[in-house]
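Notes for the one structure printed next.
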Amino acid sequence: MSSKFPDHFLWGGAVAANQVEGAYQTDGKGLSTSDLQPQGIFGAITPRVDGDSGIKDVAIDFYHRYPQDIALFAEMGFKCLRTSIAWTRIFPQGDEDVPNEAGLAFYDQLFDEMAKYGIQPLITLSHYEMPYGLVKNYGGWGNRKTIEFFERYARTVFERYKHKVKHWLTFNEINMSLHAPFTGVGLKDDSNKSEIYQAIHHQLVASAKAVKACHEIVPGGKIGNMLLGGILYPLSCKPEDVLETQRQNRDWLFFGDVQARGGYPAYMQRFFRENNIQVEITAEDRQTLRETVDFISFSYYMSGCVTTDEQQNNTARANILNMVPNPHLASSEWGWQIDPVGLRYLLNVLYDRYQKPLFIVENGLGAKDRIEADGSINDDYRINYLNDHLVQVAEAIDDGVEVMGYTSWGPIDLVSASKAEMSKRYGFIYVDRDDTGKGSLERRRKKSFYWYRDVIQSNGNSLKDKA
Ligand code: BG6
Numbered sequence: 051m052s053s054k055f056p057d058h059f060l061w062g063g064a065v066a067a068n069q070v071e072g073a074y075q076t077d078g079k080g081l082s083t084s085d086l087q088p089q090g091i092f093g094a095i096t097p098r099v100d101g102d103s104g105i106k107d108v109a110i111d112f113y114h115r116y117p118q119d120i121a122l123f124a125e126m127g128f129k130c131l132r133t134s135i136a137w138t139r140i141f142p143q144g145d146e147d148v149p150n151e152a153g154l155a156f157y158d159q160l161f162d163e164m165a166k167y168g169i170q171p172l173i174t175l176s177h178y179e180m181p182y183g184l185v186k187n188y189g190g191w192g193n194r195k196t197i198e199f200f201e202r203y204a205r206t207v208f209e210r211y212k213h214k215v216k217h218w219l220t221f222n223e224i225n226m227s228l229h230a231p232f233t234g235v236g237l238k239d240d241s242n243k244s245e246i247y248q249a250i251h252h253q254l255v256a257s258a259k260a261v262k263a264c265h266e267i268v269p270g271g272k273i274g275n276m277l278l279g280g281i282l283y284p285l286s287c288k289p290e291d292v293l294e295t296q297r298q299n300r301d302w303l304f305f306g307d308v309q310a311r312g313g314y315p316a317y318m319q320r321f322f323r324e325n326n327i328q329v330e331i332t333a334e335d336r337q338t339l340r341e342t343v344d345f346i347s348f349s350y351y352m353s354g355c356v357t358t359d360e361q362q363n364n365t366a367r368a369n370i371l372n373m374v375p376n377p378h379l380a381s382s383e384w385g386w387q388i389d390p391v392g393l394r395y396l397l398n399v400l401y402d403r404y405q406k407p408l409f410i411v412e413n414g415l416g417a418k419d420r421i422e423a424d425g426s427i428n429d430d431y432r433i434n435y436l437n438d439h440l441v442q443v444a445e446a447i448d449d450g451v452e453v454m455g456y457t458s459w460g461p462i463d464l465v466s467a468s469k470a471e472m473s474k475r476y477g478f479i480y481v482d483r484d485d486t487g488k489g490s491l492e493r494r495r496k497k498s499f500y501w502y503r504d505v506i507q508s509n510g511n512s513l514k515d516k517a
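Under the numbering used here, the first residue of the sequence shown carries the number 51, and numbering increases by one thereafter.
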């Protein structure tokens, strides 16, 4: 197809500290909430005791092997790499006055390595983790004081990396706190709605403070939010289904509305009232929230449906978001429904709503890979998934949507977030490690590696329109 992608389109990949780095106690790093979830977000919260181990403790050992991995990303022609800073490398307990120099030095080296190849960092301040010290001693985001600790951390890294990192994101999939409170806001998973929305409110205020700090400190810096783009369709055209779909889409769009429009949307008043949710929002908070993000970033893996029909509503749920399956779509091995057209639709919905540039910072297919006798890995299923989604991104660009870039999720195999599996692979680069932690950690190029290299090199020209 002829390329619709702009000249400076940021092609690349996205990873997160806790899913790749390992070295979970190296160079003064403190324990994070992720370290207490060795089985992933939906596993038990486990206090760490001496001698125990989890797969994320080593992950893919990116902490030590990043020069080799960045070189492979460069070979594919990456313009951009999204990763996160582990807050606990910088402030191990979260409430220190002085940052940990060894942690700061690690990211200096990482960003310098990217710069060698002209790869721009896109850095998430908090990707599904926070210092466990803040959870234990302060109650996580339930405590207003956490806003100060986060602001100190954000200002510290903005100052340190202001000449190396120009693109930032505040909280990964900020709307996931509604489904995974411990991961999102450091609260017990059985917290009540008022507690969860109060913690979310604190996080939204902290996000706005980080936006302000970025604008003050980073010359030419741009900072975005990050939403899980879980777009929902009505299962039928019954008006009640359509209305309920709008309501459920607002559950997640609410976060974008606050971060991109600078305040609570009107529909939340009724939602809070009818659900008996009390949230303390001060006049100063409202003022702070006016500082809005420069761009909207989001992840997109699947869409889902909504119905008011009790019977259909109770059918087996395919994924963590409890979406009702769409009868027109196929699913991945993990039950995630594959919907490339949904990405075009979502891009248009978000652009219509916010009129700000959009950045697709996660998209990809988690699948089991097989190594052939000759050592090759022929992951055509992954190539097809990514091709079809990128064709729809091109369509959205043609629709007039401003898209800054695309970083596919897990360009190198990593530990999955929901269940801490290695066998759920997203990468263009295979990593030799299994679900039990066995393997040499050796890296190997898959067929998709060469495919993505061609896509980037041709700025999307090599993509194939669906027959
Ligand atoms: C997103 C997260 O929800 O989805 C990533 O931001 C995560 O951290 C990705 O890895 C895919 O989910 P999973 O469970 O397959 O790793």
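Glycine included, every Cβ here is placed at the ideal spot set by N, Cα and C.
With contacts defined by Cβ atoms closer than 8 Å, N413 and Y351 form a contacting pair. In this structure, D504 and S498 do not form a Cβ contact; the two beta carbons are roughly 10 Å apart against a cut-off of 8 Å. Taking the CA atoms as reference points, S176 sits about 9 Å from F200. Using a Cβ distance threshold of 8 Å, Y116 and E163 count as a contacting pair. T133 is bridged by DSSP to I173. With distances taken between CA atoms, K129 lies nearest to A121 out of N222, A136 and A121. Taking 7 Å as the cut-off, the C-beta of K474 counts as close to a heavy atom of ligand 1. By the CB criterion at 8 Å, Q69 and R493 fall outside the cutoff. Using a Cβ distance threshold of 8 Å, I346 and L408 count as a contacting pair. A distance criterion of 7 Å places the beta-carbon of S382 beyond contact range of ligand 1, judged by its closest non-hydrogen atom. With a cut-off of 8 Å on Cβ pairs, the stretch 88-102 is not in contact with the stretch 155-162, counting fewer than three such pairs. In the three-state reduction of the DSSP assignment, C355 falls in the strand class, which pools E and B. With respect to D291, L228 sits apart: the two C-beta atoms are not nearer than 8 Å. Under the DSSP definition of a beta bridge, R475 partners with A417. Bounds of the beta strand (DSSP E) holding I410 are L408 to E412. Cβ neighbours of I250 within its own chain (closer than 6 Å, five residues either side excluded): S227. When distances are taken from the beta-carbon of S347 to the heavy atoms of ligand 1, even the shortest one reaches 7 Å or more. Of the residues L293, S134 and L491, the one whose Cα lies closest to the Cα of L219 is S134. Scanning its chain for C-beta atoms nearer than 6 Å, with the 5 sequence neighbours on each side dropped, one finds around G487 the residues I105, in chain order. Distance from the Cα of M472 is smallest, within the candidate group I273, E445, G416 and K514, for G416.
A straight line joining the alpha-carbon of D430 with that of N509 spans about 20 Å. In the displayed model, A67 falls within a helix according to three-state DSSP. Of the residues I331, V207 and V451, the one whose Cα lies closest to the Cα of L396 is V451.
Taking 8 Å as the cut-off, the beta carbon of W137 is found closer than this to the beta carbon of S82.
Per DSSP, reduced to three states, the secondary structure at H114 is helical. Placement of the Cβ of Y178 at a distance of less than 7 Å from at least one heavy atom of ligand 1 is found. DSSP places I447 in the uninterrupted alpha helix (DSSP H) bounded by D430 to D448. Distance from the CA atom of S103 to the CA atom of G460, rounded to whole angstroms, is 23 Å.
Under the three-state reduction of DSSP output, R98 falls in the coil class, being neither helix nor strand.
For M276, the enclosing beta strand (DSSP E) begins and ends at K272 to L278. Closest in alpha carbon position to F348, among P56, A310, P142 and T196, is A310.
A residue is called buried once 16 or more other Cβ atoms fall within 10 Å of its Cβ, and D307 is buried on that count.
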